[in-house]
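Read through the structure below, which is laid out as structure tokens, and then see the notes.
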Amino acid sequence: MKPYVRPFQKNVYDEVDTPSKKALVKILKSEGHDIVSSHENYYADIISQKDGTTYYHEVERKAQWGKDYLKKKKYKVTPESGWPFSWKELRIPGRKKRLIEKYKDEIENLSFYVFNFEYDKAWKVKATQMTDDTMRKPDFARVHESETFYHIPYTEAELLELS
Numbered sequence: 149m150k151p152y153v154r155p156f157q158k159n160v161y162d163e164v165d166t167p168s169k170k171a172l173v174k175i176l177k178s179e180g181h182d183i184v185s186s187h188e189n190y191y192a193d194i195i196s197q198k199d200g201t202t203y204y205h206e207v208e209r210k211a212q213w214g215k216d217y218l219k220k221k222k223y224k225v226t227p228e229s230g231w232p233f234s235w236k237e238l239r240i241p242g243r244k245k246r247l248i249e250k251y252k253d254e255i256e257n258l259s260f261y262v263f264n265f266e267y268d269k270a271w272k273v274k275a276t277q278m279t280d281d282t283m284r285k286p287d288f289a290r291v292h293e294s295e296t297f298y299h300i301p302y303t304e305a306e307l308l309e310l311s
């Protein structure tokens, strides 16, 4: 399935790229990674090394996963993650498939991260979980009719917290 690629939104990129990368770098360093690169090259957002192995990391922020938004909408959330009980899965844009293809020979070392609005929690999803059978159109109307997402149950992702 060829993913729909929505037009680039510079204003959104400018708002979230730097804080997303900073938050992830903090997590990676706390896990013993050395940061090799975090410069924009249209591939992995961050490249790191640990114990002689190179890792690739893609990061984004889910603005709706935030305390103010969820409180306003009266969502009931899990105490440990603040993730709404009614959201059964993470949805990672299908356009990220290009990264899976780019790093297919090192797929075990590619991970995707979804931060909350406050950048104090993130879900980590391994690229090996993002298979074609998990990619489909979402059941909400805010996206282009051809846009697809990887649907990963949040219970299969790893919750990370910034201290």
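Residue numbers for the sequence shown follow our numbering, beginning at 149 and rising by one.
Even for Gly, the Cβ is constructed at its ideal location relative to N, Cα and C.
Here the structure is a predicted model, which means the values were calculated and not measured.
Q. Going by C-alpha distance, which of K250, K215 and S229 is nearest K272?
A. The shortest Cα separation from K272 among K250, K215 and S229 belongs to S229.
**Q.** Secondary structure of D182, DSSP reduced to three states
**A.** Reduced to three states, the DSSP call for D182 is strand.
Q: Using 10 angstroms around the beta-carbon of G242, count the other beta-carbons present and answer buried if the total reaches 16, otherwise exposed.
A: Classification for G242: buried.
**Q.** Identity of the residues DSSP links to R284 by a beta bridge
**A.** Within the DSSP secondary-structure output, R284 pairs in a beta bridge with F297.
Q.
Please state the DSSP three-state secondary structure of P167.
A. P167 falls in the helix class under three-state DSSP.
Q) DSSP state of Q212, grouped into three classes? A) In the structure shown, Q212 sits in coil (DSSP, three-state: anything other than H, G, I, E or B).
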